[in-house]
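J.: The following block contains the structure, expressed as C-alpha cells.
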Amino acid sequence: MIRLKRIYDEPSEDDGCRVLVDRIWPRGVAKKDADLDEWCKAVTPSDELRKWFHEDVEGRWRQFRSRYAEELRDADEGLDRLARMADDPGLTLVTAAADREHNHTVVLKDVLEARR
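Heads up, the sequence shown is in my numbering, so the first residue is 64 and it goes up one at a time.
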C-alpha cells in the first residue's frame with residue numbers, strides 16, 4: 064500500500080517506510096525529528112519542471128502530470144526501490160507540499176502503482 068503525507072503530519076504506525084520525496088529539505092523540520100527511513104531525491108521533479116509548475120499549479124496540473132511521468136522514465140532504479148518498499152510493510156511518500164491534490168507525490172504514487 065502506498066500512502067501520501069505531508070512532513071508536518073504526525074507519523075503513524077501504519078506508515079510503513081517513510082520516504083521524503085522532495086528535492087529540497089522541508090523548512091522548519093530538523094532532520095533528527097523527521098522520522099524518515101530515507102530521502103529519495105532521484106524521483107523528484109527536475110528544478111525546471113518544479114519551477115514551471117509552481118507558476119500556475121492548477122492551470123498546469125494536467126501538463127505537469129504528463130511531463131513528470133516522462134521524467135520518471137529515467138528513474139528506474141529509484142522507482143524499483145520504492146515499489147519494493149510498497150509491498151511490505153508499505154510505503155508513505157512524504158512531502159512538504161501544501162496542496163495535497165496537486166503535487167508530485169500524487170503522480171509518483173500513480174506511476175508506482177502502475178509498476179506493481
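Just so it is clear, CB atoms sit at the ideal spot from N, CA and C, and this is done for glycine as well.
Report yes if the C-beta distance between Ile65 and Glu140 is below 8 Å; otherwise report no.
T.: Taking the sequence shown and counting its residues from 1, the one referred to as residue 65 is at position 2. Taking the sequence shown and counting its residues from 1, the one referred to as residue 140 is at position 77. The answer is no: Cβ separation not under 8 Å.
J.: Assign Pro108 to buried or exposed, taking buried as 16 or more other Cβ atoms, counted over all protein chains shown, within 10 Å of its Cβ.
T.: Residue 108 sits at position 45 when you count from the first residue of the sequence shown. Buried, because 16 or more other Cβ atoms sit within 10 Å of the Cβ of Pro108.
J.: Once DSSP output is grouped into helix, strand and coil, what is the label at Arg125?
T.: For the purposes of this step, residue 125 is taken as residue 62 along the sequence shown, with counting starting at 1. In this structure, Arg125 counts as helix in the three-state DSSP scheme.
J.: Return helix, strand or coil for Thr155, following the three-state DSSP convention.
T.: Counting from 1 along the sequence shown, the entry for residue 155 is found at position 92. DSSP places Thr155 in strand when its eight states are reduced to three.
J.: By the DSSP assignment, the alpha helix (DSSP H) with Lys114 in it spans what residues?
T.: On the sequence shown, position 51 is the one that residue 114 refers to. Segment 110-117, the alpha helix (DSSP H) holding Lys114.
J.: Between the Cα of Val157 and those of Asp85, Asp77, Glu76, Ser75, spot the shortest distance and give me the residue it belongs to.
T.: Counting from one through the sequence shown, the residue named residue 157 turns up at place 94. Checking every option, the nearest Cα to that of Val157 belongs to Asp85.
J.: In terms of residues, what are the limits of the beta strand (DSSP E) holding Leu83?
T.: Mapped onto the sequence shown, residue 83 falls at position 20. Note, Leu83: beta strand (DSSP E), 80-83.
J.: Helix, strand or coil: which one does DSSP assign to Glu73?
T.: The residue given as residue 73 occupies position 10 in the sequence shown. Secondary structure of Glu73 (DSSP, three-state): coil.
J.: Determine contact between the stretch 160-172 and the stretch 93-101, defined as no fewer than three beta-carbon pairs at a distance below 8 Å.
T.: no
J.: Count the C-beta pairs between the stretch 121-132 and the stretch 75-82 that are closer than 8 Å, then say yes if the count reaches three, no if not.
T.: no
J.: Considering only their Cβ atoms, is the gap separating Val82 from Leu171 smaller than 8 Å?
T.: In the sequence shown, the residue the question calls residue 171 occupies position 108. In the sequence shown, the residue the question calls residue 82 occupies position 19. Cβ distance not < 8 Å, so Leu171 and Val82 don't count as in contact.
J.: Quick check on the DSSP output: the alpha helix (DSSP H) that includes Gly141 runs from which residue to which?
T.: The residue given as residue 141 occupies position 78 in the sequence shown. Run containing Gly141: 139-150, per the alpha helix (DSSP H) assignment.
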